[in-house]
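A.B. asks: Chains as they are written, first to last, in this note's numbering: chain C, 1 to 267; chain H, 1 to 255; chain X, 1 to 314.
Here a beta-carbon is modelled for each residue, glycine too, at the ideal position from N, C-alpha and C.
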């Protein structure tokens, strides 16, 4: 029991430190005028395609998909925590401490992920009306926990990837951007999963976001609860899978890095 | 001239040394896939020119924002800016050499974008107005480099350069109408788009890839050139300010 | 005509929201061609500021300075090809590039032709002992290796006047010794070198003359030897086998600062007044003590005495 408590405490402090780091980078002004503007522009960029295609249905499709993607982006940015950890030289200190590294890493990025989820919802509820879309109320409120689910799922995926690259810090930026654009391509964000050839659809469903996004689209379309539940279940399964993989492999990657000296004191 | 080439050479060497520089060359083809999928799914193969040029603008703009824009700032953080000032060669020439190289490399994204479209979707992109197209590409590259010089200089002087750099991607894709033409934007935004050279460029390039005759070509091309030149002038002026600060107040030296 | 001529150079910094700082307060100095000149002083003395002004990187607030006869403010085009800068430290190199690539870049900026660049970089890498590591990334280099690369870089333009700013800081003694040997070689080639340092040994062994600078003012310019005689009143007398009563008597003399027994039994008498030495010696000779040695303080001790009451505050 005490192990659980001490782990929880480690997590909590890590979350708080992550949050502090985040707000060291952003002021409220730069969050609004920097990040928010960018985020709203990103969703609009794709939603506008619907206007080009002269279809409200398409506009909604793009808008919802890309808004949810923002949550996943936030989750993926958390990978940058690994870089800053190594960059600041705090990684070695972390590894020398008794706590499990995966726990600290996983917790430090939580704030970034939460920010992504919040931004996604902000985008959805601001831009929806702006583009002339009407969301069914109160059903639409279900989208909130579902978006959080997508965020968490993407986050587990991102944590696993963070472990993979922990020995090669230089590649972080490339991997973060690559991951985001691959998810945008393969997770049914801009085209329905049915558009993909069979084998690709299968890969898509093993990635985070895909199933959760379908659940969100189901909610807006008023699909039966069983359909929604099936998609939610699938997303939960995917999330657990990536989480398990992360927990299992993270330690191994760290140990490998300690063996070959790739986790030096300061980058 | 030698300074320009020295800048070009070292930039190429940097590109090999820093993996992040490869980002736009990975994302451009992926965006090509996304846009092709979208138009195919919608049954609008006629819009493939749109899908063909948007990723290129995304790549070029990324290079300007994240690569060229940080040229001088990186020298500052690296502790080499004073040595650059003390060298006999022209500071501006070295910076131009580096930015021009980066911008020209962006052309690779053209090939990537079109190759992906062809290989995965069998899309063939026809250049209906070749002279117009190549002229537009050329002037666009000039404008991109000019704007990048402005970014490189202004990022050193402005306090919120990082925020701008990180968030000036999509807003400019929208304002520049690089995928969805500006005519689809609400009318109150269009004046802003008019001063973003991307909007004129993208319109011209799309028009060159479509069979219909092109209207007001020279006027539109001139707009791209003018806006690019404006960026360049701003950049040059800002560079003078930077050099004055390095030598005069000693402010830019260490941090 | 001196290679480097500094006339009443002043430099004031006005940082935002703080009091103006006078970094250099009317500094004058003339360095003849071929001299190795040391600029010795604590942190914040103004050494780096002076070097930056002379290398055209910083403008003075007042006064004039000339390198090779050219004004550093108005004739930068003429000055820059003449000078080489070795600022040293961890920064100032492109760490993701190799040593050779770093040199080639600066060679191009110093307007060398393609062939010259290749040749000179190979020569300089050889000279500073980095040939084997020439194609390795600089980020893998030790501090001493980086320093040597800095020197090679400063020489790419075949400068007649070199400015070295604390080049051996952080080097281990062996590496520092090799570096100094290099400097002597450069001197043998007739180059003029201005070297800033707070390493006394370095100043003493390498420099023809040393200028002491503190708080933007020059305190003295002398050869290392005669700088010591500046404060010759701070003499030191080492005695062996002196009887205790005599030592007590000596301790009581006006002008004797201390009488300490060293580990090997020798007694060290430190004096801070002119003429006190004579009195001490008289006492010793009178009792027949002849194992006596007098010496002038080393440059380090001068430094500590003249500047020393600063302690650890900068």
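If you draw a straight line from the alpha carbon of residue 148(X) to that of residue 207(X), how long is it in whole angstroms?
C.D. replies: Stepping through the third chain from its first residue, residue 148(X) is reached at position 148. Stepping through the third chain from its first residue, residue 207(X) is reached at position 207. About 19 Å.
A.B. asks: Between residue 165(H) and residue 238(H), which are expected to be in contact by the criterion C-beta below 8 Å, what is the C-beta distance as a whole number of angstroms?
C.D. replies: The residue you call residue 165(H) lines up with position 165 of the second chain. The residue you call residue 238(H) lines up with position 238 of the second chain. Their Cβ separation, rounded to whole angstroms, is 15 Å, which puts residue 165(H) and residue 238(H) out of contact at 8 Å.
A.B. asks: Helix, strand or coil: which one does DSSP assign to residue 64(X)?
C.D. replies: The residue given as residue 64(X) occupies position 64 in the third chain. Reduced to three states, the DSSP call for residue 64(X) is strand.
A.B. asks: Measuring CA to CA, which of 92(H), 202(H), 91(H) is closest to residue 138(H)?
C.D. replies: The residue labelled residue 138(H) in the question sits at position 138 within the second chain. Among 92(H), 202(H), 91(H), the Cα nearest to that of residue 138(H) belongs to 202(H).
A.B. asks: Establish whether the CB of residue 20(X) and some CB of chain H are separated by less than 9 Å.
C.D. replies: Locating residue 20(X) in the third chain gives position 20, where the first residue counts as 1. By this cut-off, residue 20(X) is not an interface position.
A.B. asks: Classify residue 45(H) as buried or exposed, calling it buried when 16 or more other Cβ atoms lie within 10 Å of its own Cβ.
C.D. replies: Your numbering for residue 45(H) matches position 45 in the second chain. Classification of residue 45(H): exposed, given that the 10 Å Cβ count is below 16.
A.B. asks: By the 7 Å beta-carbon criterion, what residues does the region 128-156 of chain X contribute toward chain H?
C.D. replies: none
A.B. asks: Residues of chain X with a CB under 8 Å from the CB of residue 245(H): which are they?
C.D. replies: On the second chain, residue 245(H) is found 245 positions in, with the first residue counted as 1. In chain order: nothing, as chain X lies at least about 11 Å away.
A.B. asks: Closest to residue 62(X) by CA distance: which of 126(X), 134(X), 22(X) is it?
C.D. replies: Numbered from its first residue, the third chain carries residue 62(X) at position 62. Measuring from the Cα of residue 62(X), the nearest candidate turns out to be 22(X).
A.B. asks: Could you tell me the distance, in whole angstroms, from the CA atom of residue 177(H) to the CA atom of residue 231(H)?
C.D. replies: Mapped onto the second chain, residue 177(H) falls at position 177. Mapped onto the second chain, residue 231(H) falls at position 231. If I take the Cα positions, the gap works out to 19 Å.
A.B. asks: If the cut is a Cβ gap below 7 Å, which residues of chain C does residue 73(H) touch?
C.D. replies: For the purposes of this step, residue 73(H) is taken as the residue at position 73 of the second chain. What residue 73(H) touches in chain C: nothing, since even the nearest Cβ is about 16 Å away.
A.B. asks: Any idea if residue 199(X) is buried or exposed, counting beta-carbon neighbours within 10 angstroms, 16 or more meaning buried?
C.D. replies: Walking along the third chain from the start, residue 199(X) turns up at place 199. With 16 or more other Cβ atoms within 10 Å, it is buried.
A.B. asks: For residue 27(X), which residues from the same chain have a beta carbon less than 8 Å from its beta carbon, with the 5 sequence-adjacent residues on both sides left out?
C.D. replies: Within the third chain, residue 27(X) is the residue found at index 27, counting from 1. Cβ within range, chain order: 6, 8, 9, 10, 46, 50, 63, 213, 216, 217, 218.
A.B. asks: With a cut-off of 9 Å, does the C-beta of residue 78(H) fall near any C-beta of chain X?
C.D. replies: Indexing the second chain from 1 puts residue 78(H) at position 78. Residue 78(H) counts as touching chain X.
A.B. asks: I'd like the list of long-range same chain contacts for residue 123(C), defined as Cβ closer than 7 Å, with 5 residues on each side in sequence excluded.
C.D. replies: Against the first chain, residue 123(C) aligns to sequence position 123. Counting only Cβ-Cβ distances below 7 Å, and skipping sequence neighbours, we find 39, 40, 43, 67, 70.
A.B. asks: Pull out every residue of the region 34-63 of chain X whose Cβ sits closer than 9 Å to any Cβ of chain H, in chain order.
C.D. replies: 49, 52, 55, 56, 57, 58, 59
A.B. asks: If you draw a straight line from the alpha carbon of residue 144(H) to that of residue 60(C), how long is it in whole angstroms?
C.D. replies: Residue mapping note: residue 144(H) aligns to position 144 of the second chain, counting from 1. Residue mapping note: residue 60(C) aligns to position 60 of the first chain, counting from 1. Cα to Cα, residue 144(H) sits roughly 33 Å from residue 60(C).
A.B. asks: Can you give the Cα-Cα distance for residue 245(H) and residue 20(H), rounded to whole angstroms?
C.D. replies: Your numbering for residue 245(H) matches position 245 in the second chain. Your numbering for residue 20(H) matches position 20 in the second chain. Approximately 30 Å between the Cα atoms of the pair.
A.B. asks: Between residue 174(C) and chain H, is the shortest Cβ-Cβ distance under 9 Å, so that the two count as touching?
C.D. replies: Working through the first chain from its first residue, we reach residue 174(C) at position 174. Yes - at least one Cβ of chain H is within 9 Å of the one on residue 174(C).
A.B. asks: Kindly indicate which residue of 33(X), 17(X), 15(X) has the alpha-carbon position closest to the one of residue 187(X).
C.D. replies: For the purposes of this step, residue 187(X) is taken as residue 187 along the third chain, with counting starting at 1. It is 33(X).
A.B. asks: Please return the same chain residues whose Cβ sits closer than 7 Å to the Cβ of residue 185(C), not counting the five positions on each side in sequence.
C.D. replies: As a first step, residue 185(C) must be located in the first chain, where it is residue number 185. Nothing meets the Cβ criterion.
A.B. asks: Can you find the residues in the same chain that come closer than 6 Å, C-beta to C-beta, to residue 150(X), ignoring five residues on each side of it along the sequence?
C.D. replies: The residue labelled residue 150(X) in the question sits at position 150 within the third chain. Contacts found: 86, 88.
A.B. asks: Are the CB atoms of residue 206(H) and residue 53(H) within a distance shorter than 9 Å?
C.D. replies: For this step, residue 53(H) is matched to residue 53 along the second chain. For this step, residue 206(H) is matched to residue 206 along the second chain. Yes, the pair counts as a contact, with Cβ atoms nearer than the cut-off.
A.B. asks: What three-state label does DSSP hand residue 65(C) in the structure shown?
C.D. replies: Within the first chain, residue 65(C) is the residue found at index 65, counting from 1. The answer is helix: DSSP assigns residue 65(C) an H, G or I state.
A.B. asks: For the beta strand (DSSP E) containing residue 104(X), list its first residue and its last residue.
C.D. replies: As a working note, residue 104(X) is residue 104 in the third chain. First-last for residue 104(X): 99-109, but that is the alpha helix (DSSP H), not the beta strand (DSSP E).
A.B. asks: Anyone know if the C-beta pair for residue 6(H) and residue 105(X) falls short of 9 Å?
C.D. replies: If you number the second chain from 1, residue 6(H) lands on position 6. If you number the third chain from 1, residue 105(X) lands on position 105. Yes. Within cutoff.
A.B. asks: Ignore the nearest five residues each way along the sequence and tell me which others in residue 234(H)'s own chain have a CB closer than 6 Å to its CB.
C.D. replies: To locate residue 234(H), count along the second chain from 1; it is residue 234. If we look at residue 234(H) and ignore the five residues flanking it on each side, its Cβ neighbours are 150.
A.B. asks: Going by C-alpha to C-alpha distance, which of 43(X), 153(X), 41(X), 114(X) sits closest to residue 92(X)?
C.D. replies: Looking up residue 92(X) in the third chain gives position 92. Minimum Cα distance to residue 92(X) is reached at 153(X).
A.B. asks: Would residue 66(H) pass as an interface residue toward chain X - the criterion being a Cβ-Cβ separation below 9 Å?
C.D. replies: Start at 1 with the first residue of the second chain, and residue 66(H) comes out as number 66. Answer no: the Cβ-Cβ gap between residue 66(H) and chain X never drops below 9 Å.
A.B. asks: Output yes if chain X places a C-beta closer than 9 Å to the C-beta of residue 14(H); else output no.
C.D. replies: Here residue 14(H) refers to the residue found at position 14 when the second chain is read from its first residue. Interface residue, yes.
A.B. asks: Could you check how far apart the C-beta atoms of residue 210(X) and residue 38(X) are, in whole angstroms? I think they sit under 8 Å.
C.D. replies: Counted from its first residue, the third chain places residue 210(X) at position 210. Counted from its first residue, the third chain places residue 38(X) at position 38. 4 Å between Cβ atoms; contact.
A.B. asks: Scan the region 34-50 of chain H for residues whose Cβ lies nearer than 7 Å to a Cβ of chain C and list them as they occur along the chain.
C.D. replies: Those residues of the region 34-50 of chain H that come within reach of chain C (Cβ to Cβ, closer than 7 Å) are 34, 37, 38, 41, 42, 44.
A.B. asks: Could you spell out where the beta strand (DSSP E) holding residue 214(X) opens and where it closes?
C.D. replies: The residue given as residue 214(X) occupies position 214 in the third chain. Unbroken beta strand (DSSP E) run through residue 214(X): 209-214.
A.B. asks: CB residue 190(C) to CB residue 62(C), shorter than 9 Å?
C.D. replies: On the first chain, position 190 is the one that residue 190(C) refers to. On the first chain, position 62 is the one that residue 62(C) refers to. Yes, the Cβ-Cβ distance between residue 190(C) and residue 62(C) is below 9 Å.
A.B. asks: Give the list of continuous alpha helix (DSSP H) stretches no shorter than 4 residues that lie fully inside the region 126-204 of chain C.
C.D. replies: If one requires a minimum length of 4 residues, the alpha helix (DSSP H) runs lying completely within the region 126-204 of chain C are 143-164, 172-186, in chain order.
A.B. asks: Please confirm whether residue 20(H) has its beta-carbon closer than 9 Å to some beta-carbon of chain X.
C.D. replies: Residue numbering aside, residue 20(H) sits at position 20 when the second chain is read from its first letter. So, not an interface residue.
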